[in-house]
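First comes the structure, then the notes that go with it.
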Amino acid sequence: MKTKITEMLGIKHPIICGGMLWLCKPDLCAAISNAGGLGNITAGNYDTGEELRAALRQTKALTGQPFGVNITLLPSFRITQETYDDYFRVCCEEKVAAIEVSGAPAKRYLDQVHEAGIKIFHKVGSLRHALNIEKLGYDGIFAAGIEEGGHPLNDDVTTMVLTPRIAESVKIPVVTTGGIADGRGLAAALALGAEGVMMATRFINTKECIVHENIKQEIINRQEQDTTLICKTLNLQGRALKNELTQKVLDIEAEGKDLERIFPLITGQRVKDAWNNGDVNGAAFMVGQSIGLIKDVLSCQELMDGMVKDAEAILRRNLERF
0 MKTKITEMLG
10 IKHPIICGGM
20 LWLCKPDLCA
30 AISNAGGLGN
40 ITAGNYDTGE
50 ELRAALRQTK
60 ALTGQPFGVN
70 ITLLPSFRIT
80 QETYDDYFRV
90 CCEEKVAAIE
100 VSGAPAKRYL
110 DQVHEAGIKI
120 FHKVGSLRHA
130 LNIEKLGYDG
140 IFAAGIEEGG
150 HPLNDDVTTM
160 VLTPRIAESV
170 KIPVVTTGGI
180 ADGRGLAAAL
190 ALGAEGVMMA
200 TRFINTKECI
210 VHENIKQEII
220 NRQEQDTTLI
230 CKTLNLQGRA
240 LKNELTQKVL
250 DIEAEGKDLE
260 RIFPLITGQR
270 VKDAWNNGDV
280 NGAAFMVGQS
290 IGLIKDVLSC
300 QELMDGMVKD
310 AEAILRRNLE
320 RF
């Protein structure tokens, strides 16, 4: 399955792993890249540029295939501007294949990244932001619908509408993210004008993702309506799994803005602990509505080969109808 994205990045399948704090580390990243997609190392997992460098080199020891790095430029409890500078510098020095940016535009880093021969993408949730990203000189766009886990834009536009609106309006490649978990989603994204898909939630339920089995089983048990949007009153909208903690956050928000009570509930450390100890009510798990499509735990190779096979069959079957 060749697209502009597979040709640009030198990968077999047009499937990219999105950033996931505490989860996108060398083992999972390498497994995805070895299976033909673009694996991801999430920079926010590491406190310094040199820690990130060690992770990149560990990944290189596990795969000879291209992989990318996610750098999220959002307000952080622990990541400083100097650390962001180090993240970009190290990525350029280590010659990663691509950088995924979310949050604020990475204007100050674009020349540095391009001089290093790295492709850079920005995740956006609106056409106006996509047009700005193209104007700034990015290499591609991740079109993120409201279905996605993490921090979807509060325009609340769905993947079904956002992808074709952006694809018809820009000249650089568009990748769909938000609500994608199987071959049907991949086929749909291509039909809507995308050159590939980016997934995150679906990769949690893979054998190579180091997460407590309680969490993987909880994702299987849940349905598409079992996520909620928190922190809207703080202008930091986030889609997370419905549980006791997210309900507590929503209750506090309903009473009025109270940062001192909310922030301790949504710290990265709380999520990190819960991924490891399996407490399904102990953290805000930033997962998307695609949990309704996740029914099992597969290897990355099984997942991606199956997605491509199913997508090709769907596209072929629909061509035959005409």
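Residue numbers (numbering that gives the first Met the number 0): 0 to 321.
Beta carbons: idealized from backbone N, C-alpha and C, even for Gly.
Just so you know, these numbers come straight off a predicted model, no measurement behind them.
Between Phe66 and Leu109, the beta carbon gap of about 20 Å keeps them out of contact (Cβ cut-off 8 Å). Excluding sequence positions up to five before and after Lys271, its CB lies within less than 7 Å of the CB of Trp21, all in the same chain and listed in chain order.
Taking Leu191 as reference, the option from Lys247, Thr162 and Ala29 with the minimal CA-CA separation is Thr162. Under DSSP, Asn69 takes part in a beta bridge, and its partners are Thr41 and Glu99. Judged by their CB atoms, Val286 and Leu244 are not nearer to each other than the 8 Å cut-off. Shortest Cα-Cα distance from Glu146 to any of Thr71, Tyr86, Gln224 and Arg107 involves Gln224. Taking C-beta atoms as the reference points, Ile40 and Cys28 count as a pair closer than 8 Å. Taking C-beta separations shorter than 7 Å and ignoring five residues to either side along the sequence, the partners of Ala115 in its chain run Cys91 and Lys94, following chain order. Collapsing the DSSP output to three states places Ile10 in coil. Out of Met19, Asp155, Met198 and Asn153, the CA that lies nearest to the CA of Ile293 is found in Met198. Assignment of Ala283 by DSSP, reduced to helix, strand and coil, places it in the coil class. Secondary structure at Ala312: helix, using DSSP grouped into helix, strand and coil. In this model, Ser289 and Leu185 are separated by some 13 Å (Cα to Cα). When secondary structure is reduced to three states using DSSP, Lys24 falls in the coil class, being assigned neither helix nor strand. Cβ atoms of Ile214 and Gly277 come within 8 Å of each other, at about 6 Å.
Judged by DSSP in its simplified three-state form, Phe321 adopts coil rather than helix or strand. Look at Arg238 here: in three-state DSSP terms it is strand. Judged by beta-carbon spacing, Ala97 lies within the 8 Å limit of Ile119, meaning their Cβ atoms are closer than that value. In this structure Phe76 is exposed. Its beta-carbon is surrounded by fewer than 16 other beta-carbon atoms within 10 angstroms. Straight-line measurement puts the Cα of Asp84 at about 19 Å from the Cα of Lys122. Burial check for Asp46: the Cβ neighbour count within 10 Å stays below 16, so the residue is exposed. Counted as a single uninterrupted DSSP element, the stretch harbouring Val160 is not any beta strand (DSSP E) but the alpha helix (DSSP H) occupying residues Thr158 to Ala166.
With respect to Asp309, Asn204 sits apart: the two C-beta atoms are not nearer than 8 Å. Between Val196 and Thr176, the CB-CB gap stays under 8 Å.
8 Å or more divides the Cβ of Thr79 from the Cβ of Gly48.
Counting C-beta atoms within 10 angstroms of its own C-beta, Phe262 has fewer than 16 neighbours from the protein chains shown and is therefore classed as exposed.
A direct Cα-to-Cα measurement between Gly35 and Glu252 gives close to 43 Å. Ranked by how close their Cα comes to the Cα of Ala180, the residues Thr200, Glu194 and Glu167 have Thr200 in first place.
Rounded to whole angstroms, the gap between the alpha carbons of Cys230 and Gly124 is 17 Å. Scanning Asn220, Leu228, Gly139 and Thr5 for the CA closest to the CA of Pro151 turns up Leu228. DSSP places Lys294 in no beta strand (DSSP E); its state is neither H nor E.
For Ala142, the enclosing beta strand (DSSP E) covers residues Gly139 to Ala143.
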